[in-house]
Every structure is written in C-alpha cells, then in structure tokens.
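Asker: For reference, the structure I am asking about is given below.
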Amino acid sequence: MNATGKVVRYELRDVIRSRWVIAYALFFLLVTDTLLRFGDGGTKALLSLVNVVLFLIPLVTIVFGTMYLYDAREFIELLLAQPVRRRQLFAGLYLGLALPLSLGFVAGIAVPFAVHGLDAPSELGTLAALALGGVLLTAIFVAIAFLIAVRVEDKVKGLGAAIALWLLFTVLYDGVVLLAVLLFADYPLERPMVALMLTNPVDLARVLLLMRFDVSALMGYTGAVFQKLFDTTSGVALALGVLAAWCVVPLAVGCRWFRRKDF
Amino acid sequence: MITLQDVAKRFGRVEVLRGVDLALRPGRVTAIVGPNGAGKTTMIKIILGLARADRGRVLFDGRPVTDDPAYRARIGYMPQIARFPEHLTGVDLLAMLEDLRGGAAAVDRGLVERFRLEDQLAKPLRVLSGGTRQKVNAAMAFLFRPDLLVLDEPTAGLDPVASSVLKDEILGARAGGRTFLITSHIMSELEELADDVAFLLDGQVRFAGPLDDLKRDTRQVNLERAIARLMTRGVAA
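Sequence lines, in order, name chains A and B.
Per my numbering, residue 1 is the first one in the first sequence, and the count goes up by one each step.
Per my numbering, residue 1001 is the first one in the second sequence, and the count goes up by one each step.
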C-alpha cells in the first residue's frame, strides 16, 4: 500500500472512533426511516430527502472538513516529518474524510429503503441518483473545506468563511436569482442564468436530482431554464461534468497550496 | 550530516532567519540556543521540510533536502507540542509510523519500556496526561534508530525521573554514533548534553562551535553565563 492508503487507513480509524460520522449516518437513517414510515410512499420520501440532502450535506461536510483539518494540524506536522510526499499526505487526508462521510450518508439513506422495500423498480434509479448527488456534494464540500483550511491560518476565520460560503450557495444565491429575474425581466435571461447556475454546485445538484422527478414546480427558475435549454442526456452530462470540476479544481488548488505551505 | 547554507525565511514582514549558515557534525549533540523568537523552531522546521526556505539550501549528507522526502526516514523528530489524533491509541500511532516508514525492520522500543508506556499505549491518546504524551512523543522520535534526532524542548513537561531517562537515552545514542539537534531553555540540561553550541540571535548564527570554545571565548564557567554574555554583546553590537 502506498503512503496515501496508509494515511487513509489510520485517519479512517480516528474519524470513525470520533463517532461524528456515526451520528451523521444515524441522522440520515432516522430521517429516511421516518419519511418512509409516516410519509406517502417511497417517491415522496425521496423527494423530501432531496431537500434534506441539498441543505444539510454542504453544511455538515464544509464545517466538519474545515474543523477536522485545523484540529489535525499537529498530526499533519508529525506526518510531514516522515518520509511522505505532501501530495500523498493531502490525498490521504482528503480521502480519509470524504470516504467515511460519503459512506455514512449512503448507508443512512439506503438501509431504510432496503428494510421497507421499494414501491416501484424505478425508485431504485432515483435512490441511486440521490446517493450519487449526495456523494458528489460531499466530495465537493470537503474539497472546498480543505481549500479554506489550508489557506486561512486562523481557525475562527476559516470556520466563518466556510459558513459564509454555505450561506452564499444555499440562501443568498436564491435571492440573487430572484433579484436578477425581477430586475431584468424584459431581457432574455436564459444564458446568463445557466452561467450563474454553473457557479453553484448546490443548485446544479438540485436540478440534476429533480430532473428525475416529474415536479416542475420545484425546479425553480434556473431549473426550468436548464430543462428548456438542454435535453435530459446533455443536461445530465453537463451538470455532472461541472460538478466533477467543482470537486477537482478546489482539490488541485488546495493541494498546490498545501505543498507550498509552511507548517 | 546537515548543512545549512545562507538560509533565510520571512513570515510576512518579520524576517525570522537572515542567512543562517550552520553545519552539524555527525556523532555530536548540537544545542541551538537563543532568546524566544530567535528562529530556533523555524530553523528546525526548515531542516525537516515543514517550512520552505525563501533563500539558501539545506543539505543532508550533501544532497538538497527539497528533492526527495526519503531523507526524513533517517530523522527522528520530537516536536515541542505533543498533540495527536484524539481517537487513536498509542499503539495505532506507533503502528502507523512503522507503516509509513515501511521496512524499518529494527524498531527500538527501549524508551517505551524505560518510560513504562506499555499500558498507556493501549488508551486513546486524548486521555493521556501532558507528561505521558510527551513520553510517547519522545519514544516515537527514537523508534526507528534514526541517524539524526531533532528534539525541540525535549524535557518540557517531563518529571525528573522521565527527564533523566530521556537524557540517558540521548547520551547512550550519541555514544552509538547518532547525531542530535536539541533546543532547550534549560541551560544546565544543555550543558550536560551538548558537545557543540549554535547561538541564534535575530535570525543569524552568532556563534557556532564546541561548548568549551564558547566558555573560553566568553571567559565564563558555564553555558548559562556564556550565553548571557553573548546576548548582552549582541545587544551592544
């Protein structure tokens, strides 16, 4: 096993024993189970879960990710004093956090469906899409968290930046879209709106997930535009591609900063 | 063993190191002394590759350290503050280091035994007292029989018994031909351990050489007074 794998292995042990990840998985388990038990069928439950996923995964992963990296500072120094390349260490730290968070989430939503059973075979695809969307969001927001924690020395400022970014993506963004629609109602807004959408991984994930449901009311303005401009296949491909970029670019930049950082 | 050539480092506006030249002689204990903020820890971090020098080079056995992290397999490092992942046990931590060093066949658990750490190592590191963590920290530095040991304030937080054990370990390892780089604010301790002294002030090495030479030059009987003399001279200069 190379150095990255070794770092992942021991970090996994640390993260799992911290029980945060367990609590995170249990939370999704409880919510999913409640929705299935008292809700109106599997599809409705999935739809409700989409909103939980879009709101909570970015928040939890970005906050947990920044905190983890700040608290691991001395551990990182210890590892840097070993014969390990910085790039391998960075990859190990990232995977050691992104993997358990992803697995916790997937297990949390999948187990209740396995227990209660699916209403229709098509729900399986939707569940898989939801799992994929959640994993993508986890990968993206842990990457952004690492970017912040590597760059900002001060823990309080770093956490502030993490929360501000989350607010920007989940709350402020909708306000900006609404404002733009109101102010520029007389102009063709389709293309600028799609461009705006590409700057927000949460909105991209939202549209990607909602395209699987037949609920245009929940698509919102950007979603509707997106559906109008792209057919399903090219739309999904574009959304997935941009989401992947949202993961890879912060990671690459974060790794670059990490390699030059003074500890 | 380790050679620093004109190493400079600034953090923002503060010039921490301003052209440090220093050569550590193999098989000897070199003490770095200097007032707080003189750049001792920064120098250590540059040697270990934790911080990058803005200018100058660090050579390990004649090769620049920036090329390949493999040289760190020959260094044992004991940082000033011992903080570890909270939920790992000492056993996990030592296993991880062994793993990362891969093929470090002959592991030296001497300090684990002499500090009586065996029972403590089974517990999560977060429940250990500060002194016990410092012992784990020291045991880790010696674990792989490294050629060079870098100890940053090694006896801080250790009780007299543990501190003596550590000092004996250092002297024993030196007798076995290992090289040490030690910082400490306890001059009597350095006097006991050090062969060579490097005095750092305002980011420059103001004296480097054998301890006896330092005492002779400054006409003082012990290290503490010799350093005090150097510091007042440094201020006057």
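Where a beta carbon is used, it is the ideal one built from N, C-alpha and C, also for glycine.
The beta strand (DSSP E) spanning GLN943 of chain B covers which residue range?
Answerer: No statement about residue 943 of chain B is possible, as the shown extent of chain B runs from 1001 to 1237 and does not include it.
Asker: Residue range of the alpha helix (DSSP H) that ALA1023 of chain B falls in?
Answerer: No alpha helix (DSSP H) contains ALA1023 of chain B, which is instead part of the beta strand (DSSP E) from 1014 to 1024.
Asker: What do you reckon, are the CB atoms on PHE1199 of chain B and LEU1151 of chain B nearer than 7 Å?
Answerer: Not in contact: PHE1199 of chain B and LEU1151 of chain B (Cβ atoms no closer than 7 Å).
Asker: Which residue spans inside the stretch 1125 to 1180 of chain B form an unbroken alpha helix (DSSP H) run of at least 4?
Answerer: Runs of the alpha helix (DSSP H) inside the stretch 1125 to 1180 of chain B: 1130 to 1142 and 1160 to 1175.
Asker: Might you give, ordered along the chain, the residues of its own chain that have their beta carbon closer than 8 Å to the beta carbon of VAL202 of chain A, omitting 5 neighbours on each side?
Answerer: Answer for VAL202 of chain A: LEU54, PRO58, LEU137, PHE169, THR170 and TYR173, listed in chain order.
Asker: Pick out the complete beta strand (DSSP E) segments inside the stretch 1045 to 1115 of chain B, 3 residues or longer, and give them in chain order.
Answerer: Fully enclosed beta strand (DSSP E) runs of 3 or longer: 1055 to 1060 and 1075 to 1078.
Asker: If I measure Cβ to Cβ from SER102 of chain A and keep anything under 8 Å in the same chain, skipping five residues before and after, which residues do I get?
Answerer: The answer, listed in chain order, is GLY134, VAL135, THR138 and ALA139.
Asker: Count the other CB atoms within 10 Å of the CB of PRO1069 of chain B; is the residue buried (16 or more) or exposed (fewer)?
Answerer: Flag for PRO1069 of chain B reads buried.
Asker: Counting only beta-carbon atoms, is SER1226 of chain B nearer than 7 Å to chain A?
Answerer: The amino acid at residue 1226 of chain B is misidentified as Ser; the sequence shows Ala. By this cut-off, ALA1226 of chain B is not an interface position.
Asker: Hey, out of B:LEU1088, B:ASP1092, B:ILE1081 and B:ALA1095, whose CA is closest to GLY1130 of chain B's CA?
Answerer: Per the Cα distances, B:ILE1081.
Asker: Do you know whose CA, among B:ALA1228, B:THR1183 and B:ALA1023, lies nearest TYR1077 of chain B's CA?
Answerer: Checking every option, the nearest Cα to that of TYR1077 of chain B belongs to B:THR1183.
Asker: Look at the alpha carbon of ARG1133 of chain B and the alpha carbon of ARG1083 of chain B, and state the distance between them as a whole number of angstroms.
Answerer: So the two alpha carbons sit approximately 8 Å from each other.
Asker: So if DSSP puts ALA1031 of chain B in a beta bridge, which residue, or which two residues, is it bridged to?
Answerer: ALA1031 of chain B pairs with B:ILE1182 and B:VAL1197.
Asker: Using 8 Å as the cut-off, can you tell me whether the stretch 1020 to 1030 of chain B makes contact with the stretch 1165 to 1180 of chain B, which would need three or more C-beta pairs spanning the two stretches below that distance?
Answerer: Touching, per the Cβ criterion.
Asker: With DSSP as the reference, please indicate the residues paired to GLN1204 of chain B in a beta bridge.
Answerer: According to DSSP, which records beta bridges pairwise, GLN1204 of chain B is partnered with B:LEU1201.
Asker: Might you give, ordered along the chain, the residues of its own chain that have their beta carbon closer than 6 Å to the beta carbon of LEU1059 of chain B, omitting 5 neighbours on each side?
Answerer: Excluding positions up to five away in sequence, the list reads THR1003.
Asker: Is it right to say ALA1066 of chain B is buried, meaning 16 or more other beta carbons lie within 10 angstroms of its own, or is it exposed?
Answerer: One point to set straight first is that residue 1066 of chain B is Thr, not Ala, in the sequence displayed. Exposed, by the Cβ-count rule.
Asker: Starting from MET197 of chain A, trace the alpha helix (DSSP H) both ways and give me its first and last residue.
Answerer: That run of the alpha helix (DSSP H) goes 190 to 198.
Asker: Under 9 Å, CB to CB, which of the residues in the stretch 1049 to 1082 of chain B have a partner in chain A?
Answerer: Within the stretch 1049 to 1082 of chain B, the qualifying residues are GLY1049, LEU1050, ALA1051, ARG1052, ASP1068, PRO1069, ALA1070, TYR1071, ARG1072, ALA1073, ARG1074, ILE1075, GLY1076, TYR1077, PRO1079, ILE1081 and ALA1082.
Asker: Hey, would you say LEU204 of chain A sits closer than 7 Å to LEU210 of chain A, going by beta carbons?
Answerer: Their beta carbons are not under 7 Å apart, which means LEU204 of chain A does not touch LEU210 of chain A by this criterion.
Asker: From the DSSP output, in three-state form, read off PRO83 of chain A for me.
Answerer: Coil, per DSSP.
Asker: Residues of chain A with CB closer than 8 Å to the CB of LEU1085 of chain B, please, in chain order.
Answerer: A small correction: the amino acid at residue 1085 of chain B is Pro; Leu does not occupy that position in the sequence shown. Residues of chain A passing the Cβ test: TYR10, GLU11, ASP14, ALA72 and PHE75.
Asker: Note down the Cα distance separating ARG256 of chain A from ARG1013 of chain B, rounded to an integer number of angstroms.
Answerer: Whole-angstrom Cα-Cα distance: 23 Å.
Asker: Please state whether DSSP places PRO1210 of chain B in a helix, a strand or coil.
Answerer: PRO1210 of chain B falls in the strand class under three-state DSSP.
Asker: Quick check: the Cα distance between ALA1237 of chain B and LYS1167 of chain B, rounded to an integer number of angstroms?
Answerer: Its pLDDT being 49, under 50, ALA1237 of chain B is placed unreliably by the model, and the measurement read from it follows with that caveat. Between ALA1237 of chain B and LYS1167 of chain B, the C-alpha separation is close to 35 Å.
Asker: What is the DSSP secondary structure of ALA1237 of chain B, counted as helix, strand or coil?
Answerer: Reliability fails at ALA1237 of chain B, whose pLDDT of 49 lies under 50, so the model's placement of it is uncertain and no value is given.
Asker: For GLY1056 of chain B, which residues in the same chain have their Cβ closer than 8 Å to its Cβ, ignoring the five residues on either side in sequence?
Answerer: LEU1004, GLN1005, ASP1006, VAL1007, ALA1008, GLY1019 and VAL1020, listed in sequence order.
Asker: Just to confirm before moving on: does the CB-CB distance between GLY39 of chain A and ASP119 of chain A stay below 7 Å?
Answerer: No; because the gap between Cβ atoms is not below 7 Å, this pair is not in contact.
Asker: Hey, quick one: how far does the alpha helix (DSSP H) through LYS1123 of chain B stretch, first residue to last?
Answerer: LYS1123 of chain B -> no alpha helix (DSSP H), and no H or E assigned at all.
Asker: For LEU299 of chain A, report the span of its alpha helix (DSSP H) as first-last.
Answerer: In the structure as shown, chain A begins at 1 and stops at 263. Residue 299 of chain A is therefore absent and cannot be evaluated.
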